[in-house]
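Contents: one structure, followed by commentary.
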Amino acid sequence: MSFQQHTLDNGLNVIGEISPSARSVALGFFVRTGARDEAPDVSGVSHFLEHMVFKGTPRRTSFDVNCDFDRIGANYNAFTSEENTVFYAAVLPEYVPQAVDILADILRPSLRGEDFDGEKKVILEEIAMYEDQPMWCAYDHAKKAYFADHPLGNSVLGSVASIQGLTRDQMQAYYDRRYIGPNITVAAAGNFDWPELVNLIQQHCGAWPSGKAPRKGIRPAPGHESFRVVPKDKVQQEHVFLISPAPAANAPLRHAADVLAMILGDDTGSRLHWALVDPGLADSADVSFHDYEGTGSFFTSLSCAPEQTQKNLSILRGIFRQIQADGVSAAELAQAKSKVLSRIVRASERPMGRMQALGMAWTYLGEYRSMDDELKAFEAVTAKKLRQVLDRYPFTEMATLALGPLTKLRKPR
Amino acid sequence: MSQQIYHHTFDNGLTLLAERMDHVRSAALNFLVPAGCVYDPDNEVGVASVLSEMITRGAGERDSRALSLALDNLGVDRDESVGQLHQRFWGATLASNIPAALEIYADILRRPHLPKDELEPVRALALQDLQALQDDYKSMVMVELRRRHWPLPLGRDRRGTPQTLKRITPASVRKHYERTFGPQGMIVSVAGNIDWPRLKDQIERLFGDWQAPASPALKLTKAVNGRGHVAKDTAQTQIAIAYPSVPFGHPDYYAAQGAVQVLSGGMGSRLFTEVREKRNLCYAVWASYQTFKDRACVLAYAGTTNERAQETLDVTVVELKRLAKGVTAEEVERVRAGLKSSVIMQEESTSARAGALASDWYYLGRVRPVEEVQAAIDGLTPEQIVSYVKKHPPRDMTVVTLGPTALK
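So the sequence lines, in the order shown, correspond to chains L and E.
Position 230, counted from 1, in the first sequence is what the numbering used here calls 212; the numbers after and before it change by one each time, with no gaps.
Position 115, counted from 1, in the second sequence is what the numbering used here calls 116; the numbers after and before it change by one each time, with no gaps.
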């Protein structure tokens, strides 16, 4: 396993981890742009643009893009988050040149007017699809309540109104500002030849524009303590999110935060599992750690029968109070570490897993993190570090949002 | 690099399959027990799901918490699920922890406590599972589609109903366990960095002396088929379609798979191109293949806003039928490329291989070497696919919609 890195003259970064025993190669273009980089009048443009990237270039129609990927048997897709837009493909080693040719080409899309108008309908369908998923609606409302005017509160999909109002020219202007060399990292993992990859990237991306794509509003999100009930009478179960502050993506405490979330709310053997799911009080309950640039948050979620919700909120309150007071046991820490070790090792066995990890580490930290670096960082988590997380990011000031049949709930004391 | 695949069937009917993968540190295990929801008594549908949740709540020397902790300390990510014909127990962790995990799974499968006081919490979960389905429209439309398309009990929903769940007692869970769990027809598969002789000895020691009767035979009713609609006040209408295909192992199996791939293999495939790319009717549209030993079907799905639902259904059905009019060489080339890379990439996943070993064995009674799969994929031609579609055209369709209004 070896790591390589190269920066093109225009600032585009290429990183790769070569693993000769792999059967495939995963390639990803990580563009450091997302919902947090959007002004309110273009809300949803990053995600809509991600769709438009597949709609063709001067060399390819959208049908050509899809068929060219299919012809090399690529396993490909893209996703947009608050902070990143990522285009990726896993292919057999012999198809690396074609995969780079397609990915690099589509990253310079034509953004044709008729494609824009047509794809707008698909985006509106995607919004309607999520509207029918109560857990997702609860998540979106909770995020807005917690982050308020912090850029991380921006919606990835945008709203029906913002998407309907968006023009092709606004998208083009956003694209020109954000899709420039220094804002893009190409990550590769698996069985490939490094000099060949660098040549291909140089050949296809060397002429891309350079410049500066600053990100505004990188600051902690103190979070807003709030308690809100959104009644939806057509929903059956009550869907609840609680959000509280956590370390940022580059914070030394991030591994401890991950372990803490696991002890509290992993899907097996966690405190929430034993207190809520095992006794049948909730059909799901978990805690996860989300890290961003400049801040982070713990997301606690719960789905249960409406009549049980009030009691479950009190139980949650008790769990948080107890962990704040007493911390975690040595046995819980050891158990969480065993799980992390197994998960990291297994995720790293696939080039797709390594490519994602490499690309994210480079985007957030500007450094290479091998699988062993990550394993060691988790191994080094101690009860003392978990204590520091609890002290600095207490589970007391939370934004709580419940969506479902209930019209009111009392804030638990 | 040649595959290292192993097999042994013990005298009591249990089959062990393994694939050694030198290049990984992990391994995945998979138990397929012929105890799916089709074997639930009609008045207690849901008992297999209840049993699957109860069976890990204490076994052998360990109570519920000790058992969960032991698996967590071994880093075993796991899942227990109930299908129509099988209950599946899946787990994956570092290969060095697999022998210890197998000891625990032997307790779960052979010596579960099924404690009486755990029934009420488990029943509460089962009732919530049923309730949560009402908030998940995509799953709901598929549940209704299967109920109409297959004869009962093949088409039943494993969740049961509030009435059937209420009838379940601690004694009936125990009785159901004794009736359906045993070595006959059970398949254990392990893939990853394993040592075959040691694995075989261990499985023999853990399961070799297990004796139990085979699962009872099934009696099938006649399927309902036809059109169905579930009225719901939703933003999108869910559309689900099923029609017959040939089962896994049939001489036309690869052609049938090829046909589904032409429809839905990649983003250049027909449904994505015609329904989403050209007409922008929806975000999600796909087709897939589902099989039992003696019957199979193509499932198609689309979700779209209500006012465009009729057009989406019409266009989708036209595309399904148009296959018989011809498939291009270019389309088949793309299908071959997609299948070829998925076969090779499967070799990077211990979980995928453990699952594939078990399903090959269940359907075919043998494990297909990768070369055989490769040759069959390479041999796919447009003529073969078209002749299959002409023999098995999309007809006798079951169509279920969910949304504010029924479609024509």
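Heads up, the beta-carbon is just placed ideally off N, CA and C, and yes, glycines get one too.
Same chain, Cβ closer than 6 Å to Gln(-13)/L, neighbours up to 5 away in sequence not counted: Within the first sequence, residue -13/L is the residue found at index 5, counting from 1. Around Gln(-13)/L: Ile(-3).
Inter-residue spacing [alpha-carbon to alpha-carbon] between Arg280/E and Arg396/E: For this step, residue 280/E is matched to residue 279 along the second sequence. For this step, residue 396/E is matched to residue 395 along the second sequence. If you draw a straight line from the Cα of Arg280/E to the Cα of Arg396/E, it comes to about 25 Å.
Element boundaries [beta strand (DSSP E), containing Ala297/E]: What you label residue 297/E is simply residue 296 of the second sequence in a count that begins at 1. Element bounds for Ala297/E: Ala297 to Thr306.
Completely contained alpha helix (DSSP H) runs for the stretch 74 to 119 of chain E, where each covers 4 or more residues: As far as the stretch 74 to 119 of chain E is concerned, its whole alpha helix (DSSP H) runs of at least 4 residues are 99 to 111.
Residues of the stretch 95 to 125 of chain E with Cβ closer than 8 Å to any Cβ of chain L, in chain order: Cβ contacts with chain L come from Leu95, Asn98, Glu121, Pro122, Val123, Arg124 and Ala125.
CB of Lys393/L within 7 Å of CB of Val211/L, strictly: Indexing the first sequence from 1 puts residue 393/L at position 411. Indexing the first sequence from 1 puts residue 211/L at position 229. No; because the gap between Cβ atoms is not below 7 Å, this pair is not in contact.
Beta-carbon gap between Glu356/L and Ile326/L smaller than 7 Å: Position 374 of the first sequence, counting from 1, holds the residue named residue 356/L. Position 344 of the first sequence, counting from 1, holds the residue named residue 326/L. In this structure, Ile326/L lies closer than 7 Å to Glu356/L by Cβ.
Alpha carbon of Ala124/L to alpha carbon of Asp268/L, nearest angstrom: As a first step, residue 124/L is located in the first sequence; it is residue number 142 there, counting from the start. As a first step, residue 268/L is located in the first sequence; it is residue number 286 there, counting from the start. Ala124/L and Asp268/L: Cα-Cα distance of roughly 15 Å.
Helix, strand or coil at Asn57/L according to DSSP, with G and I counted as helix: Numbered from its first residue, the first sequence carries residue 57/L at position 75. In the three-state DSSP reduction, Asn57/L falls in the strand class (E or B).
Members of the stretch 331 to 359 of chain L near chain E, C-beta cut-off 8 Å: Residues Glu331, Arg332 and Pro333.
Local conformation of His158/L per DSSP, three classes: As a position in the first sequence, residue 158/L is number 176, starting the count at 1. Sequence check: residue 158/L is Asp here, not His. In the structure shown, Asp158/L sits in a helix (DSSP, three-state: H, G or I).
Cβ-Cβ separation, Val387/E to Gly327/E (assumed contact under 8 Å), whole Å: Within the second sequence, residue 327/E is the residue found at index 326, counting from 1. Within the second sequence, residue 387/E is the residue found at index 386, counting from 1. With a Cβ gap of about 6 Å, Gly327/E and Val387/E count as contacting.
Beta-carbon neighbours of Gln317/L, restricted to chain E and to distances below 7 Å: In the first sequence, the residue the question calls residue 317/L occupies position 335. Within 7 Å Cβ-Cβ: Leu70, Asp73 and Asn74.
Backbone secondary structure at Cys283/E - three-state DSSP: Position 282 of the second sequence, counted from the start, is the residue given in the question as residue 283/E. In the structure shown, Cys283/E sits in coil (DSSP, three-state: anything other than H, G, I, E or B).
Interface residues of chain L facing Val25/E [CB-CB closer than 8 Å]: Counting from 1 along the second sequence, the entry for residue 25/E is found at position 24. Those are Glu331, listed as they occur along chain L.
Cutoff 7 Å: Tyr302/E Cβ touching any chain L Cβ: In the second sequence, the residue the question calls residue 302/E occupies position 301. Closer than 7 Å: no.
Val319/E, buried or exposed, once every other Cβ within 10 Å from all chains shown has been counted against 16: Locating residue 319/E in the second sequence gives position 318, counting from the first residue. Answer is exposed; the Cβ neighbour count stays below 16.
Same chain, Cβ closer than 8 Å to Gln212/E, five either side skipped, listed in chain order: For this step, residue 212/E is matched to residue 211 along the second sequence. Only Asn13, Gly183 and Pro184 meet the Cβ criterion.
Proximal residues of chain L, C-beta to C-beta of Ile345/E below 9 Å: Residue mapping note: residue 345/E aligns to position 344 of the second sequence, counting from 1. Going along chain L in sequence order, the residues near Ile345/E (Cβ under 9 Å) are Arg5, Ser6, Gly55 and Leu74.
Straight-line Cα distance separating Gly259/E from Thr317/E: For the purposes of this step, residue 317/E is taken as the residue at position 316 of the second sequence. For the purposes of this step, residue 259/E is taken as the residue at position 258 of the second sequence. Taking the straight line joining both Cα atoms gives about 18 Å.
Cβ shell of Ser82/E (< 8 Å), same chain only, five flanking positions each side left out: Position 81 of the second sequence, counted from the first residue, corresponds to residue 82/E. The residues are Ser53, Gln88, Arg89 and Trp91.
Partners in chain L for Arg335/E, counting only beta-carbon separations shorter than 7 Å: The sequence position of residue 335/E within the second sequence is 334, counting from 1. In chain order: Cys49, Asp52 and Arg53.
Cross-strand partners of Cys286/L (DSSP beta bridge): Residue mapping note: residue 286/L aligns to position 304 of the first sequence, counting from 1. Bridge pairing for Cys286/L: Glu220/L [DSSP].
Where the beta strand (DSSP E) containing Ser266/L begins and where it ends: In the first sequence, residue 266/L corresponds to position 284, counting from 1. Looking at the DSSP string, the run of the beta strand (DSSP E) that includes Ser266/L is Ser266 to Asp273.
Those runs of the alpha helix (DSSP H) which lie wholly inside the stretch 121 to 172 of chain L and span at least 4 residues: Complete alpha helix (DSSP H) runs here, min 4: 142 to 147 and 150 to 160.
Within 7 Å, strictly: CB atoms of Ala56/L and Val78/L: Translated into positions along the first sequence, residue 56/L becomes position 74. Translated into positions along the first sequence, residue 78/L becomes position 96. It is not a contact, given that the beta carbons lie outside the stated cut-off.
Rounded straight-line distance, which links the Cα of Ser350/E to that of Gly366/E: Taking the second sequence and counting its residues from 1, the one referred to as residue 366/E is at position 365. Taking the second sequence and counting its residues from 1, the one referred to as residue 350/E is at position 349. Taking the straight line joining both Cα atoms gives about 23 Å.
Presumed contact (8 Å Cβ cut-off) between Asp210/E and Gln218/L, rounded CB distance: By 1-based counting over the second sequence, the position of residue 210/E is 209. By 1-based counting over the first sequence, the position of residue 218/L is 236. Not a contact, Cβ separation roughly 47 Å.
Proximity test, Cβ basis, 7 Å: Gln375/E and chain L: Taking the first residue of the second sequence as position 1, residue 375/E is located at position 374. Taking a beta-carbon distance threshold of 7 Å, Gln375/E does not count as an interface residue toward chain L.
Proximity below 7 Å, CB of Thr39/L to CB of Ser28/L: Residue 39/L sits at position 57 when you count from the first residue of the first sequence. Residue 28/L sits at position 46 when you count from the first residue of the first sequence. No; because the gap between Cβ atoms is not below 7 Å, this pair is not in contact.
Rounded straight-line distance, which links the Cα of Tyr255/E to that of Gln129/E: To locate residue 129/E, count along the second sequence from 1; it is residue 128. To locate residue 255/E, count along the second sequence from 1; it is residue 254. Cα atoms of Gln129/E and Tyr255/E: separation of roughly 40 Å, rounded to the nearest angstrom.
Neighbour flag for Ala312/L against chain E, beta carbons, 7 Å: Here residue 312/L corresponds to residue number 330 of the first sequence, with the count starting at 1. Ala312/L does not count as touching chain E.
Residue from Glu372/E, Ser265/E, Glu205/E and Val144/E with nearest C-alpha to His8/E: Residue numbering aside, residue 8/E sits at position 7 when the second sequence is read from its first letter. If we check each option's Cα against that of His8/E, Glu205/E comes out closest.
Cβ-based burial, Arg271/E [other Cβ within 10 Å; buried from 16]: By 1-based counting over the second sequence, the position of residue 271/E is 270. Counting Cβ neighbours within 10 Å, Arg271/E comes out buried, since at least 16 surround it.
Per-residue DSSP class, three states only, for Phe11/E: Residue mapping note: residue 11/E aligns to position 10 of the second sequence, counting from 1. Judged by DSSP in its simplified three-state form, Phe11/E adopts coil rather than helix or strand.
Boundaries of the beta strand (DSSP E) in which Val144/E is found, first to last residue: Looking up residue 144/E in the second sequence gives position 143. That residue, Val144/E, is in no beta strand (DSSP E); its alpha helix (DSSP H) goes Tyr138 to His150.
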